[in-house]
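Report on the structure given below.
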């Protein structure tokens, strides 16, 4: 059944022609038919309220039907909407029609046969416009849902590890736990120093395999009670709690450093060796509780030092008063 509330806009500089089109549509039962006598007025009406079907004369002064179609497509893009465009024309050459289709016109009605074709073409336009706009709305909803999922997502999709969002949540909880129970929080950052060199040599698919391989290797080396997260393209973080501060040293994580540096990783491009730098950023409860930013800042600076010295380094966060 036709949608008799379909919003239609008729544009023709010849008032008699636009009146004939409007009357034909109203006689067919369509209730929402607006008339504009030039393209500029038509655009203003469309800005006030969207239309589903635009019926316009091809030949109009100042702005013809093709130029109007260009403007409508731009407006549709901004509004996430689709307007079905039908041009009224006396031109029947293949070249002219091909150009119009390339410009975004959906259909034509020849003026010589307008009264016979008009209502059936509008009925078909209604179905097409409705389908397109339903798809656009569904896609917009999917985009919005994806944004919401990304905002709450705590998983790195490439490696399956927890991501930076979770790392900060876990670090905050561990710092608070150490604050109430004493002991130390360990934030170990592992970075792949030769990552950029490897990216220049290997395609993205191989680098993805390498990231997954590093994640799996690290997962087998950490303690079950530790949290392993991917916090950057080539950076991983291990978050641990030690009841006794004396046990929170680089020695406790030496197996991880050696396990990454001393054994190549298998990929479809062959075995690839990585050069890992590691830093232990230790926060002792007796020294006060640093902020997440304090810990991250110290760890990043420590990782830079580890890259330069090729050693597993250790650092402590600077606790800034009033932050």
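Numbering (UniProt numbering), first residue to last: 1 to 323. Glycine included, C-beta positions come from ideal geometry on N, C-alpha and C.
Closest Cα partner of residue i within the set the options
i: residue 60; options: 212, 122, 13; result: 13
i: residue 3; options: 275, 122, 291; result: 122
i: residue 222; options: 238, 141, 113; result: 238
i: residue 135; options: 80, 281, 98, 152; result: 80
i: residue 82; options: 90, 213, 125, 41; result: 125
Anticipated Cβ contact below 8 Å, residue i with residue j, distance rounded
i: residue 289; j: residue 179; result: 5 Å
i: residue 208; j: residue 158; result: 6 Å
i: residue 299; j: residue 187; result: 6 Å
i: residue 32; j: residue 5; result: 6 Å
Beta bridge counterpart(s) of residue i as assigned by DSSP
i: residue 235; result: 191, 232
i: residue 275; result: In the DSSP output, where bridge partners are listed per residue, residue 275 has none listed.
i: residue 34; result: 9
i: residue 186; result: 240, 282
i: residue 42; result: DSSP, once it has assigned bridges, lists no residue as partnering residue 42.
i: residue 108; result: 87
i: residue 314; result: 280
i: residue 326; result: Outside the modelled stretch of the chain, which goes from 1 to 323, sits residue 326, for which no answer is possible.
i: residue 155; result: 162
i: residue 246; result: Paired residue(s): none; residue 246 is not in a bridge.
i: residue 57; result: 88
i: residue 211; result: Note: residue 211 sits in no beta bridge, so no partner.
Residue i burial status per 10 Å Cβ neighbour count (16 or more: buried)
i: residue 67; result: exposed
i: residue 324; result: Since the first residue shown for the chain is 1 and the last is 323, residue 324 is missing from the structure and cannot be characterised.
i: residue 317; result: buried
i: residue 101; result: exposed
Same chain only: Cβ atoms within 6 Å of residue i, ignoring 5 sequence neighbours per side
i: residue 88; result: 57, 109, 111
i: residue 240; result: 186, 226
i: residue 119; result: 28
i: residue 73; result: 104
i: residue 85; result: 54, 69, 105, 106
i: residue 312; result: 250, 257, 278
Close beta carbons around residue i, own chain, < 7 Å, minus the five adjacent residues each side
i: residue 161; result: 215, 228, 229, 230
i: residue 303; result: 189, 191, 277, 279
i: residue 259; result: 217, 221
Close beta carbons around residue i, own chain, < 8 Å, minus the five adjacent residues each side
i: residue 286; result: 182, 245
i: residue 323; result: Residue confidence for residue 323 is low, a pLDDT of 45 falling below 50, so the modelled location carries little weight; the figure read from the coordinates is stated next. These residues qualify, in order along the chain: 291, 293, 294.
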